[in-house]
Structure formats: structure tokens, C-alpha cells
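Let me begin by presenting the structure, written as C-alpha cells, before commenting on it.
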Amino acid sequence: MVHDNGVQTYLDPKDAMQHLAEYNKADGLSVEEIMDSRVNGGLTYNDFLILPGYIDFPASEVTLETKITKNISIKTPFISSPMDTVTETEMAVNMALLGGVGVIHNNCSPEEQAEMVRKVKKFENGFITDPVCLTPNHTVGDIHMIKARLGYSGIPITASGKLYSILLGIVTARDIQFHEDHTTLLKDVMTTDLVIAQEGVTLEEANQILRSSKRGKLPIVNARGELVSLLARSDLLKNINFPLASKSPRSKQLICAAAIGTRAEDKTRLQKLVDAGLDIVVLDSSQGNSSYQIEMIQYIKKTYGNKLDVIAGNIVTREQAARLIEAGADALRVGMGSGSICITQEVMAVGRPQGTAVYMVSQFAKKFGIPVIADGGIQNIGHITKALALGASTVMMGGLLAGTAESPGEYFYHEGQRLKKYRGMGSLDAMERSGNFCSATLPAANRYFSDRDVIKVAQGVAGAVVDKGSIRKFVPYLLTGLQHALQDIGAKNLDHLKENVESGKVRFELRTAAAQVEGGVHGLYSYEKRLYS
Ligand code: IMP
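Going by our numbering, the first residue of the sequence shown is number 739, and it counts up by one from there.
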């Protein structure tokens, strides 16, 4: 304050907190103010920031437990998308081990999808439940091909070349080391003097047998002598504990979700998935507010009661949410046009900026205790934090988890970069899926196309993403980053975050285009962006 005599005086620093309390206007904007679309338009994650709060706890104390559906809680808010370049058995198993959930895609036959669900439910930490097997009539050349493609050469030999068939031997790197002739049959080189363990053996016992036998692999067989799983010496060190694992409280098996469509034949598919042990079904539709979906939700609730939770969607408005909640949805999947491979907004003119969509639907759904999944457009930890602050209980990721070791498909090189394919389920590429994996029907098409369409209009693209390594490192990176983000905001857990957003304690700020540039790396001649170590 400047007095008449020109002398400047200041308030006593000791009164700073009290002076702040006397201000009747908090800094920044409340969530309602920033999300008022009549004033600010529809916003997405990059359009705003969260103002920092007060830290009086370490980041490691932040917990991330949340609800994926009305009835099922998990320890981390991460879900992998039902896409054929993102979630099959390996992704679903590892997502569940790390505290999230994987949703197995349905761009395959019902039997193939049910088999993937079964493998997730049967998974036991440390045991390889889908080992590559060969028959005695395969050749040394086949082993070399597997080694080149998958990086290992210890292959069990069974009568049919498949799991659940009589175990006859095992071929290891040593058996073929000096074998020049690639046409030699495996029956002439395989080891038949086997050390095995019986089904039901604990991981600890099996590890002990593996150690004392000094073998590289330990086949596990059932009473009929059929191979049921395998233990690898190289995995011994990796068989760590997973304290956050998402498990059904009763069976202690990993939680598994899978996607289906809303056609009559999807009811038969669903029965197969339920028989395989499915916990959560996701009704996979790009516009979920339809009589087909409502009928399907009611059918599932009537047929399976509380044994199966239903995630309905996708939606972006309150009106869409109301119908699905009334029909019996246990969670809502929010996002239309926000996916990284998506061209829905461009082609169909429908959709909504993802921040606004998540906020509007969450505001409505929370009154009924229905959790929201923020699906699509998550590119980094900041986006995850913002989606959760806007009311989502979990985030669903496609592109961010594609290109990891656990996503389906093989790596390839392009201009020196190690890449994996990633494609939209509404891309023509996904629709035309064929070959060894897919059946004649193309369920991916159901999400985006109708039987009667003469011309198929694509709603997604096919592309590639760079190698991200294993989700065993990547998901813990997301988790630790999220703990730090919540610490910066001053929230110790996700409920705390939501309460403080609602009460207006957590404040927001709009970002201009220039602010967005400022918030990114800028002004450097060159730089390397390493995300974690
Ligand atoms: P991402 O995490 O931004 O890559 O988005 C993944 C999400 O995009 C998925 O969970 C789906 O909801 C959505 N999606 C998948 N395929 C397509 C498509 O072909 N067109 C539009 N959206 C898609």
C-alpha cells in the first residue's frame, strides 16, 4: 500500500494465511466454472491445467484404489482397450497382475475369445499356461524359426503339438546346438528323459524342482500325462509378487473383462465367455445409446444377475447416460471420437471433446453410484490425472499400451525404429482381418458397420507405434507418475481428489494456445525425451 506521503508499507508476513482466508475469491476456476461449455466451449485434456495444492505427505503414500464397476474395485485405475492390437491373453494377465484390468477384444471367433478368457482366469503367477508346443514330426528348422521369431528354443513336444496333449519330450537349445541338418525330425533329437511336476504343484515347489534338476524348463502334466503348463528357469527371477493384482475376492483368480457386440449371436458368445469365467462384459459400441444395447443390458441382467457386471457405452452426454443407467449398466464407458486412431468426429460429425464428455457424464452418473471409464485420447500421465479429476474412476488406454511387449503382434523395423502395428477397430484393416486367427465373421465390423451397408465407411485408421518395452515397467511408471501428480494437487487418494474437486478446493486454469506451447519442451536445438528409468 502506498501512503499519501509516498511511503510504501506492507502487510505483516505472519498474516499471509489469514489474509488469504479473507479473500472472498479463490485463485483459478472451480470445475463447474471451467467446464461451463457455454462460456469455454468443449474442452479436452490439453485445454486446461490443475493448480497445485499443499503437500504434507510423500508421493509413495498416495493410493489409487478405485471402482471399475459398481461392484468391483481395483487397486489402480488402468484399463486396456478391447482392440486386436492391444488386448489378448498376455495383456489381460499383466494388466490384472499390475492392479488394472484388460478387456479382451472380440474381433475373433467366440471360441477363440473364450479361450483367451479361460487362460486369464487359469493364470498362475510364474506358470506359462500357453507355451508353444510342437509334434515329434516337426523339424529342427521349425525350432530355429521359433527361436528367430520369439527368442527362445526350449519347446515341449506333445502328441498333437498342442497343450492338453500327451507330453512326449522336450527340445532345448542344447539338443540342436550342433545340428546342421534342419530337416531332422524332432523325435530324433528331443530329450525324453524328463523331469516333470504334477498339476497342482505350487510355484514354490516347482521352482525348487527346477533349481535342483538344473534343467531349463519344467513341464507340468496332469494325471493323464498331458502337458498343462510350463515353468522356465529364465523366469525364476521374474516370479515376483504382485501386491496390487486385481483378483476376484472369492476365487482368487485374476479379474478378466471382455467385449461383445449387441447382436443376437453375441448372446451365444457371451455364454461361452461366462463359462470360461468372465467377470465383466463390455458392450462395445461406438454409439451406445441404442435400443439394441438397452435390450442387451436387460437381457444380461436378467440372465446372469449379479454374477456378471456390465460396462455400457460408448457415450458422451447425460441423456445417453440416463438410458443406460436405467437399463442396469454397472459402469459407463465415455468417449466418442477421442481415440488416437479415430476419425469418427471427422466422418460422422458426432462426438464431444473428451474432457467435457468425461465431466458431464461423471457428474450425472455419480448420483447413481455408477463409475465412469474415460476411454480414448490418453497420451500421458497428465491426461490420466485430468480424467480422474474430472470425475472418471478409471481410464482406458489403447495407443498408450500398444507397442508394448504384451500387446498382440510382432515387432518390425522401419527406418531404424522398432515398431508394432496399432489400428482402430473401425479401420478397414481391422475389418478385413483374416488368416490364422480370425473366423469368417468379423465382429469388429459390428461396432462400426451394419450388415446392410453396401459401402463400408471407415471410422478408424491403421498405423504403427514405437516399441515401449514391457508393461511390467510401463504401468508402474504410470502409477508412480500418478502418485506424484496427486501429491502435487494435495490429494492422498482418488476419493480425496474427487471430494476436493467437488468442494472447489482443487482449482483449474484454462490454457491458451501459447500456454500449451510454453507447457511443452520448447526453444531447444535438440533433445532426447526419456520418460522413466
Ligand atoms: P487411444 O487410447 O487414444 O488410442 O484410444 C483407444 C480407444 O479408441 C478405444 O478404447 C476405443 O474406444 C476407441 N476406438 C478403437 N478403435 C476405433 C476406431 O476405429 N474408431 C474410433 N474409435 C476407436
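The beta carbon of each residue, even a glycine, is placed where N, CA and C say it ideally should be. Note that the structure is predicted; figures quoted are calculated from it, not measured.
Spatial distance of residue i from residue j (CA atoms)
| i | j | result |
| --- | --- | --- |
| Met854 | Ser1078 | 26 angstroms |
| Glu964 | Ala797 | 48 angstroms |
| Lys1267 | Val1259 | 9 angstroms |
| Thr747 | Ala759 | 21 angstroms |
| Ile772 | Thr1055 | 17 angstroms |
| Glu1148 | Arg1071 | 29 angstroms |
| Arg971 | Glu918 | 27 angstroms |
| Val745 | Lys752 | 21 angstroms |
| Glu862 | Ile893 | 20 angstroms |
| Arg1245 | Phe816 | 24 angstroms |
| Arg912 | Ser891 | 9 angstroms |
| Gln1092 | Ile1122 | 12 angstroms |
| Val1243 | Ser950 | The displayed chain sequence assigns Lys, not Val, to residue 1243. For Lys1243 and Ser950, the distance between alpha carbons rounds to 60 angstroms. |
| Lys763 | His757 | 12 angstroms |
| Ser1023 | Leu956 | 43 angstroms |
| Ile904 | Pro848 | 26 angstroms |
| Gln1225 | Ala1168 | 41 angstroms |
| Leu1139 | Phe916 | 40 angstroms |
| Val839 | Val1199 | 25 angstroms |
| Tyr1030 | Thr1000 | 6 angstroms |
| Lys860 | Thr823 | 22 angstroms |
| Lys990 | Thr814 | 17 angstroms |
| Gly1129 | Val1239 | 9 angstroms |
| Leu827 | Val1204 | Here residue 827 is Thr; the residue named in the question, Leu, does not match the sequence. Computed Cα separation, rounded: 21 angstroms. |
| Phe1058 | Gly1026 | Residue 1058 is actually Gln in this sequence, not Phe. C-alpha separation (whole angstroms): 8 angstroms. |
| Asp785 | Asp868 | 45 angstroms |
| Asn1174 | Leu992 | Caution applies to Asn1174, whose pLDDT of 31 falls short of 50 and renders its modelled position unreliable; the value that the coordinates give is listed next. Answer to the nearest angstrom: the Cα atoms are 28 angstroms apart. |
Extent of the continuous beta strand (DSSP E) run through residue i
| i | result |
| --- | --- |
| Val966 | Leu965 to Ala970 |
| Ile842 | Val839 to Ile842 |
| Glu1290 | Because the chain spans 739 through 1271 in this model, residue 1290 falls outside it and cannot be assessed. |
Residues of its chain near residue i, where Cβ-Cβ distance is below 8 angstroms and the 5 sequence neighbours each way are ignored
| i | result |
| --- | --- |
| Glu943 | Ala935 |
| Thr930 | Leu906 and Gly907 |
| Asn875 | Leu923, Leu924 and Lys925 |
| Ile1035 | Leu1021, Val1048, Ala1050, Leu1062, Ala1065, Gly1066 and Ala1067 |
| Tyr1042 | Val1012 |
Beta-bridge pairing of residue i - partner residues as DSSP gives them
| i | result |
| --- | --- |
| Met1134 | Ile817 and Asp1113 |
| Leu1021 | Ile998 |
| Gly907 | Ile895 |
| Ser811 | Lys805 |
| Lys985 | Leu992 |
| Leu767 | Phe1246 |
| His681 | Outside the modelled stretch of the chain, which goes from 739 to 1271, sits residue 681, for which no answer is possible. |
| Tyr1160 | Gly1201 |
| Thr1142 | Gly1207 |
| Phe786 | Leu1248 |
Chain D within 9 angstroms of residue i, Cβ atoms only
| i | result |
| --- | --- |
| Ser819 | Reference to chain D is not applicable here, since this structure consists of a single protein chain. |
Extent of the continuous alpha helix (DSSP H) to which residue i belongs
| i | result |
| --- | --- |
| Tyr792 | Counting along the chain, Tyr792 falls outside any alpha helix (DSSP H), and DSSP gives it neither H nor E. |
| Gln1254 | Ala1251 to Gly1257 |
| Leu781 | No alpha helix (DSSP H) contains Leu781, which DSSP labels as neither H nor E. |
| Met1169 | Leu1166 to Met1169 |
| Thr1123 | Ile1119 to Ala1127 |
| Glu1266 | Segment: none, Glu1266 is in no alpha helix (DSSP H) and carries neither H nor E. |
| Glu828 | Thr827 to Leu835 |
Sequence-distant residues of the same chain with beta carbon closer than 7 angstroms to residue i, five excluded per side
| i | result |
| --- | --- |
| Ile1063 | Ala1103, Phe1106 and Ile1108 |
| Leu1220 | Leu802, Ile1119, Ile1122 and Thr1123 |
| Gly780 | Arg1090, Pro1091 and Thr1094 |
| Tyr1215 | Leu1269 and Tyr1270 |
| Val927 | Val878, Val909, Asp913, Ile914 and His917 |
Own chain partners of residue i with C-beta closer than 6 angstroms, once the 5 adjacent residues on each side are dropped
| i | result |
| --- | --- |
| Lys1206 | Gly1141, Thr1142 and Phe1212 |
| Ala1178 | Its pLDDT being 39, under 50, Ala1178 is placed unreliably in this model, and the coordinates cannot settle the point. |
| Arg1210 | none |
| Thr873 | Gly899 |
| Ala1251 | none |
Report the start-end ranges of each beta strand (DSSP E) in the segment 1023–1107 that is 3 residues or longer and not cut off at the edges.
As far as the segment 1023–1107 is concerned, its whole beta strand (DSSP E) runs of at least 3 residues are 1047–1053 and 1069–1072.
Threshold first: 4 residues or longer. Then list the alpha helix (DSSP H) segments lying entirely within the segment 857–905, N to C.
DSSP assignment within the segment 857–905 yields the following whole alpha helix (DSSP H) runs of 4 residues or more, N-terminal first: 878–888.
Could you tell me which whole beta strand (DSSP E) segments of length 3 or greater appear in the segment 1191–1234?
Those beta strand (DSSP E) runs which fall completely within the segment 1191–1234 and span 3+ residues are 1200–1204.
Inside the segment 914–964 only - beta strand (DSSP E) runs reaching at least 3 residues:
DSSP assignment within the segment 914–964 yields the following whole beta strand (DSSP E) runs of 3 residues or more, N-terminal first: 955–959.
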